[in-house]
Structure formats: structure tokens, C-alpha cells
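Everything below concerns the one structure shown next.
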Amino acid sequence: MTSKQSMNFQYGDRELWLGTMDILTAPVDAIVSPNNQDLLIKDGLAAQILGKAGEQLQKDCQQLIAEHGALESGMAVFTEAGQLPYKAVIHAVASPIGDGDEQKIIELAVSRSLQLCEINEWRSIAFPAIGTGEFRIPVEISAQALFKSILSFWDARHECTLEKVMICLTEENLQPFFTAFRNESTIPEDDSCPPSVDDDQEHVGFIELSDEETSGLEDDVNKDWFV
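Residue numbers (the working numbering): 2 to 228.
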């Protein structure tokens, strides 16, 4: 059920929606769970998602950490969704306020989450206000990062599997997001479609993107990462 307090942006046949909604009710293929570098789900929205998905979700997260080590800020990985009615849960890693480059790190995590959708042919995804919970990043920074990353992703693709992005917010975060999105709003331009990437269906997964795929988003600290 969609919120009465919402805003829609249409980009051709692509839709960006934001409003007040419980992300666990979002009608999408994949949802994004904010997480820490060790993927240890303790509290906040990540714990709510775990509570509905079941303990297998945490086991899958720890399998990734056991195989690849702790994640850097700005990374995104996916697991199956357990008992939730989604094709995947994407775990996005932000960074605490004060670490520096908080907006850039959120942009990286969002961009990589979107790329995971494209690779796996998921047509829709739901994000929360990444970083505004445990990491206490200002809502305005999260909003600007989400808006910039989503539009940049679509702007770079003439053809795109991902058709709908939802941003599910609390009442408290709604107005700052509305304001930030209005201030940042632009119309994307078509560009060439990036090369396709084949990805076997796995219980969990990661992939490294090229510099071209994340042009303007990477920094010296985050050149090697998983998504």
C-alpha cells in the first residue's frame, strides 16, 4: 500500500517514488538494508528486516564476511531474502558521521545497489534513508546522495532493466527528502547503454564494477570493493 504523502518523478518509462512507507511492505523485487562493515545485524531497520526474514539472513551475511572479510564503507552485497517476499536483500554499508565524505560513501553504496539490480534483472528496488539511523548522518545528506546516484544511474543508460525505485521514509524524514529532491531535481539525458554482465544465480553474491561504471563516484579509499 503506497503512502498518501508521496512524490513521483517520471523519467520516460522509469519511476522514482518517495513517501512514508514501511519498507517491508514495498512492492518491489529487492529491498536495501543499511548495515555495518561486519554485517552484524544488531538493531535499527536492519534488525527489523532480519526479524521478518529469519535467521538464515544473518547466516548468509556471515558467510560473505567469512569468505571476503569485512566490507569497506560504500560497499553493497546481496543475500537471499529468507522468509520475505523479495528476490534479494541488498546490504548497503554507509559510514558514521564524522568519518568524512559521508555523502560520497552513500552515493557509492546506492550506485552499487542499483547495479546489482541491473545485473540480476531485478526491475524494482526500495531504499530507506541510508545512514540516518545508527550512523546519524543528516537527512539532507542522505537525500542528496540518493537523488544524485539514482539519476546518474538512469542518465547513463538508454536501456535499463530497473524500472522503479522507491524510497521508503518515516514521517520525520519525509519533508527534508521532499525539499532536497525538489532542490536537486533535473531531467536526465539518454546515454549509451553499458555492456551487459552475466551473473550466475547464487545464494549470496558480489561483483566488482569497472571505473567507467562508477565514473565520478569512486575515491582513493574505495577503489576495490564488492557489490
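Note that the Cβ used here is the ideal one computed from N, Cα and C, for glycine as well.
Bear in mind that the values here come from a model prediction, so they are computed numbers and not experimental data.
Using a Cβ-Cβ cutoff of less than 6 Å, which residues in the same chain neighbour LEU41 once the five nearest sequence positions on both sides are dropped? none
Measure the CB-CB distance between LEU51 and GLN38 and report whether it falls below 9 Å. no
4 or more residues per run - each alpha helix (DSSP H) lying fully within the region 66-154: 103-121
Contact check, LEU72 vs VAL90, beta carbons under 9 Å: no
Simplified DSSP assignment, three categories, for THR16: Reading the sequence as shown, one finds Glu at residue 16 and not Thr. Note: GLU16 maps to strand in three-state DSSP.
Where does LEU170 fall in DSSP's three states? strand
Sequence-distant residues of the same chain with beta carbon closer than 7 Å to GLU172, five excluded per side: THR21
Environment of ASN174 [buried if 16+ CB atoms lie within 10 Å]: buried
Just the Cα atoms here: how many angstroms apart are GLN11 and LYS165? 10 Å
Alpha carbon of GLU122 to alpha carbon of GLN176, nearest angstrom: 32 Å
I need the DSSP call for PHE10, collapsed to helix, strand or coil. strand
Helix, strand or coil: which one does DSSP assign to PRO177? helix
Which residues in the same chain have their Cβ closer than 7 Å to the Cβ of GLY229, if we skip the five residues on either side of it in sequence? This structure cannot settle anything about residue 229, because the visible part of the chain is limited to 2 through 228.
Among the candidates GLN64, GLU160, LEU85, ALA144, whose CA atom is the shortest distance from the CA of LYS105? ALA144
Out of GLN6, PHE182, GLU160, GLY132, state which residue places its alpha-carbon closest to the alpha-carbon of GLY101. GLY132
Please check the pair ARG113 and MET167, which I expect to be a contact at CB under 8 Å, by giving their CB distance rounded to whole angstroms. In fact, because the Cβ distance is near 18 Å, the residues do not count as touching under 8 Å.
When every heavy atom of the ligand COA is checked, does at least one fall within less than 8 Å of the C-beta of ILE107? For the ligand COA, the structure offers nothing, since it holds no ligand at all.
THR80 burial status per 10 Å Cβ neighbour count (16 or more: buried): buried
Taking the CB atoms as reference points, tell me whether VAL33 and HIS92 lie closer together than 9 Å. yes
Within 9 Å (strictly less), CB to CB, does ASN36 reach chain B? No chain B is present in this structure, which holds just one protein chain.
To which residues of the same chain is ALA230 closer than 6 Å at the C-beta, ignoring the five residues directly before and after it? Residue 230 lies beyond the range of the chain shown here (2 to 228); nothing can be said about it.
Just the C-alpha distance for VAL111 and ARG124, rounded to the nearest angstrom, thanks. 15 Å
Leaving out the 5 sequence neighbours to the left and right, which residues in its chain are closer than 7 Å to GLU108 when beta-carbon positions are compared? ALA146, LYS149, SER150, LEU218
With a threshold of 6 Å on Cβ separation, who are the neighbours of ASN183 within its own chain once the five nearest residues in sequence on each side are excluded? In the sequence on display, residue 183 carries Arg and not Asn. Correct list: empty, nothing qualifies.
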